[in-house]
Amino acid sequence: MPFIQTKGPTKGLCNICGTHGKLTEDHVPPKGTIKFPRMTLYGISEVLNAKAEKDRKGRDFQQGVKFRSICSVCNNDYLGGLYDQELKNFANNVGSYLHSLVARPNATTFPVVPGKIIRAVCGHILALGVERFPRGDMGDAMADLVLNPDKEIPDSLHFYYWVYPFWDQVAIRNFGFLVHTGTPPLVSSVLKFFPLAFMVLWEPATDFRSSLVRLDDYCVGAGNNQVDIPFRLTNIPPQRFPEAPGDSGVTLHGSDSYFSSRLRRS
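Number 25 in this note's numbering belongs to position 41 of the sequence shown; there are no gaps in the numbering.
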């Protein structure tokens, strides 16, 4: 496994808007959601191949995983200024709720502005990898949302979420997977960190069905109004869904599939 590159050139094309200029470091997931900032980042194949932790080749971070890949306008004005606080509030509210439970109900609701959460997730996924412009069709659609706060959520992107009660983090920009052999392939991007997981699907087949809740179903237009969204606390997917295939599934990962775990003190 080659050394994981997370720092692009000091000047280059922004992964989100494509503007050439000074590049800044983006925290993935964003600062304020990280419970254990000392993390080791691995290519996801190091984990899915079931290597022992001592045999994995990772990169250590003291203040959260960061990619120098986006410009200051996208980082500070769009993500930091418009969207990240909503994602942080959602994550922290869910985390506090989970820690406070003695008897856990099957479901509850949380008030959120879904369009802001969708755009924050899109922006941090796009920040993954170094010099990833052009962005591809899925990346173009995600970037269009980030750069246009009032744009309606397109039918080509489906956004799913669920509770993720694990400390390991997963961040993937574009990979393919089959839920079952013989079904149409799905193109997906993923962001998972305690206590939330998000999966973005690109143009799934019209007959595709999932038991997960779609966040964009709660968006009217751009999704900029606060609504109560359901949050299920039972029947959650396995820890390695969707990045690891089930017994009858298949996954195809590229270079922008990452797994990070807590950095152990020596």
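Cβ coordinates follow ideal geometry from the N, Cα and C atoms, glycine included. Since we're looking at a predicted model, the values are computed, not measured.
Inter-residue spacing [alpha-carbon to alpha-carbon] between valine 78 and phenylalanine 178
The alpha-carbon of valine 78 is positioned some 9 Å away from that of phenylalanine 178.
Does phenylalanine 243 come out as helix, strand or coil in the three-state DSSP assignment? Strand.
Can you check whether the CB of arginine 103 is closer than 7 Å to the CB of leucine 129?
Yes, these two residues count as a Cβ contact at 7 Å.
Contact check, serine 53 vs valine 114, beta carbons under 7 Å: Yes, they are a contact pair.
- Message: So if DSSP puts methionine 183 in a beta bridge, which residue, or which two residues, is it bridged to?
- Response: Per DSSP, Tyr144 and Val174.
Assuming leucine 199 is part of the alpha helix (DSSP H), what are its boundary residues?
For leucine 199, no alpha helix (DSSP H) run applies, since DSSP gives it neither H nor E.
- Task: Would you mind sorting arginine 119 into buried or exposed? The rule is 16 or more other CB atoms within 10 Å of its CB.
- Result: It is buried - the Cβ of arginine 119 has at least 16 other Cβ atoms within 10 Å.
- Same chain, Cβ closer than 8 Å to phenylalanine 74, five either side skipped, listed in chain order: Excluding positions up to five away in sequence, the list reads Phe94, Val96, Ile101 and Leu180.
Subject >> Close beta carbons around glycine 16, own chain, < 6 Å, minus the five adjacent residues each side >> reply: So the qualifying residues of the chain are Lys72.
Can you give me the C-alpha to C-alpha distance between serine 239 and alanine 155, rounded to a whole angstrom? Approximately 11 Å between the Cα atoms of the pair.
Quiz item: So leucine 185 and serine 172 are in contact, right, with Cβ under 8 Å, and what is the actual spacing, rounded?
Solution: Between serine 172 and leucine 185 the Cβ distance is about 5 Å, and since that is below 8 Å, they are a contact.
- Quick one: what does DSSP say isoleucine 28 is sitting in, helix, strand or coil? If DSSP states are grouped into helix, strand and coil, isoleucine 28 belongs with the helices.
- Task: Can you tell me which of the three DSSP states cysteine 1 falls into?
- Result: Note: cysteine 1 maps to coil in three-state DSSP.
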